């Protein structure tokens with residue numbers, strides 16, 4: 004299994020440009036999510052999906068769109084890039100959508116996309 | 002919102018020593034997880050402890066959870082140079098949405 008893959012690894016955008024960060028997993032996981040990681044801030048949840056056709060907002064969704072047409076893919080779209088979106092973006096997947104009381108499932112992370120907006 | 006908060010944030014130890022990191026959180030949780038991140042790489046899951054568990058072991062890792070104090074600790078015994086990384090705690094409130102702390106940078110000196 005390739006696990007969680009992300010493309011591209013690096014990207015430089017100009018302010019106002021749009022682009023899509025790709026994420027795919029081959030583990031048949033229902034749950035997928037996008038995080039951004041900024042220095043000193045840890046990881047913050049942008050959007051997540053509990054299955055094909057179902058997405059929801061996380062902590063910092065503004066400026067980003069997602070869709071989930073298949074179980075495998077979960078692309079993240081930047082609509083109009085801003086310097087504040089300079090960050091490292093991680094996609095993750097998990098085998099469960101809800102752990103329920105006392106349960107829980109580990110998340111598998113991709114290698115990340117380093118995005119710079121000038 | 003940021004849930005987990007690790008303490009201390011940077012730790013430098015000699016190879017063979019133990020490393021202890023703490024994490025506190027504010028709201029009730031379903032489980033708490035620890036992840037490792039090597040420089041420039043994605044996060045790797047280390048261990049998950051459920052809200053009804055108090056201690057868990059995995060190899061050289063020992064995690065404790067005190068729900069009354071809303072805190073957890075991660076102990077790495079007999080550290081190795083390969084343990085040099087950032088360590089994050091993450092809390093799951095029950096819907097699989099993880100809230101991460103800011104991370105703990107650990108440097109193990111050979």
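Residue numbers (this note's numbering), protein chains in the order written: chain A, 4 to 121; chain B, 2 to 111.
Beta carbons: idealized from backbone N, C-alpha and C, even for Gly.
The model shown is predicted, which means the values in this text are computed figures rather than measured ones.
| Item | Value |
| --- | --- |
| If the criterion is Cβ atoms closer than 9 Å, does the pair residue 17 of chain A and residue 84 of chain A meet it? | yes |
| Name, in chain order, the residues that DSSP records as bridge partners for residue 80 of chain A. | A:23, A:68 |
| Compare the C-beta of residue 97 of chain A against all C-beta atoms of chain B and say whether one is closer than 9 Å. | yes |
| What residue range is occupied by the uninterrupted beta strand (DSSP E) comprising residue 109 of chain A? | No beta strand (DSSP E) holds residue 109 of chain A; DSSP gives it neither H nor E. |
| Apart from the five residues on each side of it in sequence, which residues of its chain come closer than 8 Å, Cβ to Cβ, to residue 121 of chain A? | 15, 16, 17, 18, 86 |
| Is the CB-CB distance between residue 79 of chain A and residue 8 of chain A below 9 Å? | no |
| Which chain B residues are close to residue 44 of chain A, counting only those with a beta carbon under 7 Å from its beta carbon? | 103 |
| Decide if residue 65 of chain A is buried, meaning its Cβ has at least 16 other Cβ atoms within 10 Å, or exposed. | exposed |
| Go to residue 29 of chain B, then tell me how far its beta strand (DSSP E) extends in each direction, as first and last residue. | No beta strand (DSSP E) holds residue 29 of chain B; DSSP gives it neither H nor E. |
| Hey, is the segment 79-99 of chain B in contact with the segment 32-42 of chain B, meaning 3+ C-beta pairs nearer than 8 Å? | yes |
| Within the same chain, show all residues whose beta-carbon is closer than 7 Å to that of residue 17 of chain B, passing over the 5 residues directly before and after it, in chain order. | 79, 80 |
| Name the chain A residues whose beta carbon is nearer than 9 Å to that of residue 46 of chain B? | 109, 110, 111, 112 |
| Return the chain-ordered list of same chain residues with a C-beta closer than 7 Å to the C-beta of residue 60 of chain A, the five sequence neighbours on each side being excluded. | 50 |
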